[in-house]
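**Student:** Numbering (this note's numbering), first residue to last: 2 to 700. Ideal Cβ placement from N, Cα and C applies to all residues, glycine included.
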């Protein structure tokens, strides 16, 4: 019995605090009271709307009809302006109450209450003044009717808290009653009757408003208690099923661990093998074809090394997500290894069907992605194998697709390849080349040849480009295209690149010591070398050991090295600070723009040979090359045109103000011993005015 009585008292205290939430909301320790205050404040904001504007608009009409008040315009104007200002402020506070967090609602509601008080006081004072100066005329009657209407309209918004309502009624009607009494004392007709009616209305409004407040708060409390009861029931129901849910989760996790890659969410290696074997079994019966695509992320190791493994993981997740959006429900994607994915494409009837999917995949994946604040353009190498043409079992199909992928990796422009039997032979050949390259480095089988660069104005040699050759004891002279990619994929590029750098610097220093004409030597740099953190030290060491001045060494980099690897730019800045010159090789075939070149420490731009080849046949191509040269000059870069193979090329390039020329017209890459002879011949022809005719002397 006592517990029931105590519970009843507690409920009554809660109800009282809820009805007085503006005063008790901050001090009450009950969560229910805080919830009531938040919801009531929100409802207060929603119900307010534009109601506050009714008072100043109505009062304006009354004041216009009251010329008797014009003599007292100062207090009248002050009261009216205050009413208008607080009405506007009240609307703004109401809008904030709708959207603000629960912590900020109570202070806002109290500010809202203050605006109600000021507006009520302004209205009551102005209406009282009208009654005082007008007496019992039509304007006074309209003012009283408007006051009753304002009070009635407030029932919809202000009856959400008891003190808010009481203060509104008292503050609004108190000055009105006082001034009405003053008018009655001055002998106004029906003055005391009016005062009595006003007092009765105030009492009615207070009592009725109290009932409405109680009903509104009771409704809010009922909803809160109902929500609490529903939540409790839901919690109990969830608790009853917790063990079953946990068991389901463990079973799902076990399935996911076996069948899905935990990083990317696509299939696992085992799952892919299982699906592939199922496909093969079904296709043997139905005779349907399907394709296996083997995907490898280009430069993934570089991203891991420079941006960290978290960035690499994020890149893999992004690529897997993009690839998955391209697949149909009958297709399947899986992660086979670190940066290797595989796709199973069903319903393939022709090779071009698969190529369309591959091209869409490449286009979708290469959209730039933000990794650690740097925009990276992912690139894929994709190998394609078809069942049963390229393999009739799991191992042969995957091997064929992987061989095609390796072939695509060596073709930087296409990025995909369809399997052919020759690829298996090529893979074996690459393995052989790797083994022989290691021996070649230790046995001194590599050579450097040099191709002259000629000044387009004077005709004299202004530099040479160092080009590596492999003097194989059995296969003869092997060009770099046949082994550089293998060196990059096997990690030999750093050792090979360091040898090229030191050898070229040493040769340039020897030419200077022999009193030959001073010109620079250009060395091609692999993107992987630029990403090596010790590369700047390697260059510094090569210059120091050979005694070559830094300004006589030029390092040539490709466009893709700078655009794909943001870290390469930092290395370029350090090299430029060292005094070394930087050149962009094969400009115009990649993704660079002059806007991006502007941010790089570039000294020279080497245009791709295709521009020179095409300009004789097309005025448009010539104009394009001219624009490239002009823009490079604006950026302070000299321009070297590659691919000069006939005298007409020279004449056109001179018209375009090209700085240097390079190509077979002057010389193929030759051994170091022939370069001084070439330079002397070029200088001699320059002195006698037979520019660019010296090539015939060396033919």
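(1) Who are the near neighbours of residue 507 in its chain, counting only those whose CB is closer than 7 Å to its CB and skipping five residues on each side?
(2) Give me the Cα-Cα distance between residue 10 and residue 185, rounded to the nearest whole angstrom.
(3) Report the option in 62, 130, 397 whose CA atom is closest to the CA atom of residue 73.
(4) Is the beta carbon of residue 520 sitting closer than 7 Å to the one on residue 574?
(5) Taking residue 61 as the reference, give the member of 503, 144, 229, 41 with the closest Cα.
(6) Starting from the C-beta of residue 537, find all residues in its chain whose C-beta is less than 8 Å away, skip the five residues before and the five after it, and write them out in chain order.
(7) What are the partner residues of residue 663, as DSSP defines its beta bridges?
(8) Within the continuous alpha helix (DSSP H) that includes residue 1, where are the two ends?
(9) Could you pull the start and end residues of the beta strand (DSSP E) that residue 347 belongs to?
(10) With burial defined as no fewer than 16 other Cβ atoms inside 10 Å of the residue's Cβ, what is the status of residue 229: buried or exposed?
(11) Taking the C-alpha atoms as reference points, what is the distance between residue 377 and residue 469?
(12) Does the beta-carbon of residue 652 have 16 or more other beta-carbons within 10 angstroms, so that it is buried, or is it exposed?
(13) Given that a residue counts as buried once 16 or more other Cβ atoms are within 10 Å of its Cβ, and exposed if not, what is residue 75?
(14) Any idea if residue 17 is buried or exposed, counting beta-carbon neighbours within 10 angstroms, 16 or more meaning buried?
(15) Please report the straight-line C-alpha distance between residue 592 and residue 528, rounded to a whole angstrom.
(16) Quick check: the segment 199-209 against the segment 166-173, are at least 3 beta-carbon pairs closer than 8 Å?
(17) With 16 as the cutoff for other CB atoms within 10 Å, does residue 273 come out buried or exposed?
(18) Curious, which full-length alpha helix (DSSP H) runs of at least 4 residues does the segment 161-212 contain?
(19) Quick check on the burial criterion: 16 or more other C-beta atoms within 10 angstroms. Buried or exposed for residue 616?
(20) Can you tell me whether residue 685 is buried or exposed, with buried defined as 16 or more other CB within 10 angstroms of its CB?
(21) Please say whether residue 53 and residue 91 have beta carbons closer to each other than 7 Å?
(22) Kindly indicate which three-state DSSP category residue 452 falls into: helix, strand or coil?
(23) Can you check whether the CB of residue 383 is closer than 7 Å to the CB of residue 308?
(24) When DSSP labels each residue in this structure, what does residue 372 get in the three-state scheme?
(25) Could you please give the first and the last residue of the uninterrupted alpha helix (DSSP H) stretch that includes residue 619?
(26) Out of curiosity, what's the CA-to-CA distance linking residue 482 and residue 411?
(27) Taking its Cβ as the centre, do 16 or more other Cβ atoms sit within 10 Å of residue 71, making it buried, or is it exposed?
(28) Do the segment 36-54 and the segment 144-158 meet, that is, are 3 or more Cβ pairs less than 8 Å apart?
(29) Leaving aside the five residues before and after residue 341 along the sequence, list all residues of the same chain whose C-beta is less than 6 Å from its C-beta, in chain order.
(30) Comparing C-alpha positions only, which one of 533, 310, 316, 348 sits nearest to residue 330?
(31) Taking all protein chains shown into account, do 16 or more other C-beta atoms lie within 10 angstroms of the C-beta of residue 286, making it buried, or fewer, making it exposed?
(32) What does a CB cutoff of less than 6 Å around residue 526 pick up in its chain, not counting 5 residues either side in sequence?
(33) Between which two residues does the alpha helix (DSSP H) carrying residue 501 extend?
(34) Mapping the DSSP letters down to three states, classify residue 236 as helix, strand or coil.
(35) Please identify the residue among 37, 549, 618 whose C-alpha is closest to the C-alpha of residue 224.
(36) Locate the beta strand (DSSP E) running through residue 557, then write down its first and last residues.
**Tutor:** Put simply:
(1) Residue mapping note: residue 507 aligns to position 506 of the chain shown, counting from 1. Closer than 7 Å at the Cβ level, and outside the excluded window around residue 507, lie 547.
(2) The residue given as residue 10 occupies position 9 in the chain shown. The residue given as residue 185 occupies position 184 in the chain shown. Going by the C-alpha atoms only, they are around 47 Å apart.
(3) Within the chain shown, residue 73 is the residue found at index 72, counting from 1. Of the candidates 62, 130, 397, the one whose C-alpha sits nearest the C-alpha of residue 73 is 130.
(4) Locating residue 520 in the chain shown gives position 519, counting from the first residue. Locating residue 574 in the chain shown gives position 573, counting from the first residue. No, the Cβ-Cβ distance between residue 520 and residue 574 is not below 7 Å.
(5) Within the chain shown, the letter at position 60 stands for residue 61. For the residues 503, 144, 229, 41, the minimum Cα distance to residue 61 belongs to 144.
(6) One-based indexing of the chain shown puts residue 537 at position 536. Around residue 537: 572, 575, 576, 579.
(7) The count along the chain shown starts at 1 and reaches residue 663 at position 662. 643, per the DSSP bridge assignment.
(8) Residue 1 lies beyond the stretch modelled for the chain, which goes from 2 to 700, so this question has no answer here.
(9) By one-based count along the chain shown, residue 347 stands at place 346. Here the beta strand (DSSP E) through residue 347 covers 341-347.
(10) Counted from its first residue, the chain shown places residue 229 at position 228. That one is exposed.
(11) Here residue 377 refers to the residue found at position 376 when the chain shown is read from its first residue. Here residue 469 refers to the residue found at position 468 when the chain shown is read from its first residue. Cα to Cα, residue 377 sits roughly 31 Å from residue 469.
(12) Here residue 652 refers to the residue found at position 651 of the chain shown. So residue 652 ends up on the exposed side.
(13) Reading the chain shown from its first residue, position 74 is the one you call residue 75. Burial call: exposed.
(14) Reading the chain shown from its first residue, position 16 is the one you call residue 17. The residue is exposed, with fewer than 16 neighbouring Cβ atoms inside 10 Å.
(15) The sequence position of residue 592 within the chain shown is 591, counting from 1. The sequence position of residue 528 within the chain shown is 527, counting from 1. Its pLDDT being 45, under 50, residue 592 is placed unreliably by the model, and the measurement read from it follows with that caveat. So the alpha carbons of these two residues sit roughly 15 Å apart.
(16) yes
(17) Working through the chain shown from its first residue, we reach residue 273 at position 272. That one is buried.
(18) 163-186
(19) Mapped onto the chain shown, residue 616 falls at position 615. Burial call: buried.
(20) In the chain shown, counting from the first residue as 1, residue 685 sits at position 684. With fewer than 16 Cβ atoms within 10 Å of its Cβ, residue 685 is classed as exposed.
(21) The residue you call residue 91 lines up with position 90 of the chain shown. The residue you call residue 53 lines up with position 52 of the chain shown. Cβ distance < 7 Å, so residue 91 and residue 53 count as in contact.
(22) Residue 452 sits at position 451 when you count from the first residue of the chain shown. If DSSP states are grouped into helix, strand and coil, residue 452 belongs with the strands.
(23) The residue given as residue 308 occupies position 307 in the chain shown. The residue given as residue 383 occupies position 382 in the chain shown. It is not a contact, given that the beta carbons lie outside the stated cut-off.
(24) Mapped onto the chain shown, residue 372 falls at position 371. Strand.
(25) One-based indexing of the chain shown puts residue 619 at position 618. Segment: none, residue 619 is in no alpha helix (DSSP H) and carries neither H nor E.
(26) Along the chain shown, one-based indexing puts residue 482 at 481. Along the chain shown, one-based indexing puts residue 411 at 410. Whole-angstrom Cα-Cα distance: 9 Å.
(27) What you label residue 71 is simply residue 70 of the chain shown in a count that begins at 1. So residue 71 ends up on the exposed side.
(28) yes
(29) Translated into the one-based positions of the chain shown, residue 341 becomes position 340. Same-chain partners within the cutoff: 297.
(30) Counting from one through the chain shown, the residue named residue 330 turns up at place 329. Minimum Cα distance to residue 330 is reached at 348.
(31) Against the chain shown, residue 286 aligns to sequence position 285. Label assigned to residue 286: exposed.
(32) Numbered from its first residue, the chain shown carries residue 526 at position 525. Only 556, 558 meet the Cβ criterion.
(33) Counting from 1 along the chain shown, the entry for residue 501 is found at position 500. Here the alpha helix (DSSP H) through residue 501 covers 494-514.
(34) Along the chain shown, one-based indexing puts residue 236 at 235. Helix, per DSSP.
(35) Locating residue 224 in the chain shown gives position 223, where the first residue counts as 1. Comparing Cα positions, the closest option is 37.
(36) One-based indexing of the chain shown puts residue 557 at position 556. Unbroken beta strand (DSSP E) run through residue 557: 554-559.
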